[in-house]
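These notes concern the structure reproduced below.
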Amino acid sequence: MTPRSRAATALCLLTLLLGHAQAERAGDIARGRYLVAMTGCADCHTPLKPGPKGPEPDLARGLSGHPEGLALPPAPAPQGPWIWGGAGSNTAFWGPWGISYAINLTPDPDTGLGHWSAEQFIGALRTGQHRGAGRPIAPPMPWQAYGQMSDEDLRAMFAYLQSLPPLRNAVPAYQPPPAR
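Counting with the numbering used here, you get residues 20 to 199 for the letters of the sequence shown.
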């Protein structure tokens with residue numbers, strides 16, 4: 020085999036390997052898109068807006084979390100059996116835990132998951148800790164259920180989220196309950 024034919028063979032093998040890796044990544048993204056849809060991530064992480072038939076998802080802000088400019092009044096005091104509630108945007112929730120806001124799941128590097136690793140994403144859903152080691156993830160985020168998913172499924176979800184256009188949206192910080 021001549022040096023030229025060896026180089027051509029190596030180039031062909033490299034092309035095949037890269038093509039396989041790209042196809043695998045595309046499969047992960049497609050699987051992740053399916054899982055994100057089926058687990059209802061958009062239900063809380065995509066703000067609602069008024070529509071002709073009632074509230075509808077604001078797809079221009081899909082998965083960007085609680086809108087940065089949407090200031091909310093103080094949470095009402097619980098009454099009777101009603102111990103928690105949510106904002107009309109369906110991105111902020113109050114209860115005995117305080118006030119929690121749906122985070123920005125887009126890959127924006129400053130306000131979203133752009134600087135997260137797949138390991139941090141998986142860690143957050145396994146431990147209920149922000150980035151797998153930070154503050155507790157507050158209700159109603161069902162991290163306990165998502166934490167039961169396989170690493171492969173969680174990596175696919177992360178790959179899909181990282182494939183989205185980054186949307187700059189600084190979500191307010193979690194607010195602990197008032198001292199009593």
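For glycine and all other residues, C-beta sits at the position ideal for the given N, C-alpha and C.
- [ ] Report back the beta-carbon spacing between residue 76 and residue 56 to the nearest angstrom; my notes put them in contact at under 8 Å.
- [x] Contact flag wrong, Cβ pair sits at about 12 Å.
TODO: Could you name the residues that DSSP lists as bridge partners for residue 209?
DONE: The structure shown has nothing for residue 209, since the chain only spans 20 to 199.
Task: N-terminal and C-terminal residue of the alpha helix (DSSP H) that residue 87 is part of - done: Neither: residue 87 is in no alpha helix (DSSP H) and is coded neither H nor E.
Task: Neighbourhood of residue 52 by C-beta, 6 Å cutoff - its chain only, sequence neighbours within 5 removed - done: 179
Open item on the list: Strictly by DSSP, which residues pair up with residue 104?
Closed with: 113
TODO: In the DSSP assignment, find the alpha helix (DSSP H) that holds residue 73 and state where it starts and stops.
DONE: Run containing residue 73: none in the alpha helix (DSSP H); it sits in the beta strand (DSSP E), 73 to 76.
Open item on the list: Can you tell me where the alpha helix (DSSP H) holding residue 132 begins and where it ends?
Closed with: Where residue 132 is concerned, there is no enclosing alpha helix (DSSP H), given that its DSSP letter is neither H nor E.
TODO: Label residue 134 either buried or exposed according to how many other C-beta atoms from any shown protein chain fall within 10 Å of its C-beta, with 16 as the threshold for buried.
DONE: exposed
Open item on the list: With a threshold of 8 Å, are at least 3 pairs of Cβ atoms found where one atom belongs to the segment 119 to 129 and the other to the segment 187 to 194?
Closed with: yes
Task: Cβ pair residue 112, residue 159 closer than 8 Å - done: yes
Open item on the list: Between which residues of its own chain and residue 176 is the CB-CB distance below 7 Å, once the five residues before and five after are set aside?
Closed with: 51, 54 and 55
Task: Nonlocal neighbours in the same chain, by C-beta distance under 7 Å from residue 183, ignoring five residues either side - done: 82, 125 and 126
TODO: Run the CB neighbour count on residue 23, radius 10 Å, all protein chains shown included, and call it buried at 16 or more, exposed below.
DONE: exposed
Task: Cβ-based burial, residue 90 [other Cβ within 10 Å; buried from 16] - done: exposed
Open item on the list: Quick check on the burial criterion: 16 or more other C-beta atoms within 10 angstroms. Buried or exposed for residue 136?
Closed with: exposed
Open item on the list: Looking at residue 80: is its Cβ nearer than 8 Å to the Cβ of residue 130?
Closed with: no
- [ ] Check whether the Cβ atoms of residue 156 and residue 148 sit closer than 8 Å, and answer yes or no.
- [x] yes
Task: Start and end residues, alpha helix (DSSP H) containing residue 67 - done: No alpha helix (DSSP H) contains residue 67, which is instead part of the beta strand (DSSP E) from 67 to 70.
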